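Throughout, our numbering is defined as the position within the sequence shown, counted from one, plus 107.
Virtual Cβ for every residue (Gly too), placed ideally from N, Cα, C.
Predicted model only: the values in this text are computed from it and were never measured.
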Amino acid sequence: MDNQCLVVLSKFSVAARKVVGAVNPAKLIKDRQYATQVFEQVDALGDEELILLSLDLQLLLGLLTPASNDNAPVIQGKYMMGARS
Numbered sequence: 108m109d110n111q112c113l114v115v116l117s118k119f120s121v122a123a124r125k126v127v128g129a130v131n132p133a134k135l136i137k138d139r140q141y142a143t144q145v146f147e148q149v150d151a152l153g154d155e156e157l158i159l160l161s162l163d164l165q166l167l168l169g170l171l172t173p174a175s176n177d178n179a180p181v182i183q184g185k186y187m188m189g190a191r192s
């Protein structure tokens, strides 16, 4: 676990404590069912900042996978916007 993950985890646990109650950070990391339950409670509350923190934490913990943009058009061809044509 890197520093960024620890920082987000501590911010989340402090912010969630005010709204959801006590959050056990060690259990949040190790127990997937507990983490899912906590994140669902946070989502149900609708606090935007807390939801953003939870999404960041879920992404860092590997509980979410970033969406791939498979529908983006692929542009192939000669580059036409340079100084020389």
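Supposed close pair residue 115, residue 163 - CB separation, criterion 8 Å:
As a first step, residue 115 must be located in the sequence shown, where it is residue number 8. As a first step, residue 163 must be located in the sequence shown, where it is residue number 56. Sure, about 5 Å apart at Cβ, within 8 Å.
Burial state of residue 135, where buried means 16 or more other Cβ atoms lie within 10 Å:
Along the sequence shown, read from residue 1 onward, the residue named residue 135 stands at position 28. With 16 or more Cβ atoms within 10 Å of its Cβ, residue 135 is classed as buried.
Residue 147 versus residue 157 - alpha carbon distance:
The sequence position of residue 147 within the sequence shown is 40, counting from 1. The sequence position of residue 157 within the sequence shown is 50, counting from 1. Each residue's Cα considered, the two are about 12 Å apart.
With a 10 Å radius around its C-beta and 16 neighbouring C-beta atoms as the bar for buried, classify residue 160 as buried or exposed.
Translated into positions along the sequence shown, residue 160 becomes position 53. Residue 160 comes out buried.
Outcome for residue 126 when other beta-carbon atoms lying within 10 angstroms are tallied against a minimum of 16:
The sequence position of residue 126 within the sequence shown is 19, counting from 1. Exposed, since its Cβ has fewer than 16 Cβ neighbours within 10 Å.
In whole angstroms, what is the alpha-carbon distance linking residue 121 and residue 169?
Along the sequence shown, one-based indexing puts residue 121 at 14. Along the sequence shown, one-based indexing puts residue 169 at 62. In a straight line, the C-alpha of residue 121 is about 21 Å away from that of residue 169.
Could you check how far apart the C-beta atoms of residue 111 and residue 167 are, in whole angstroms? I think they sit under 8 Å.
For this step, residue 111 is matched to residue 4 along the sequence shown. For this step, residue 167 is matched to residue 60 along the sequence shown. Right, the Cβ-Cβ distance comes to about 7 Å (below 8 Å), so this counts as a contact.
State the Cα-Cα distance for the pair residue 113 and residue 153, rounded to the nearest angstrom.
For this step, residue 113 is matched to residue 6 along the sequence shown. For this step, residue 153 is matched to residue 46 along the sequence shown. Going by the C-alpha atoms only, they are around 24 Å apart.
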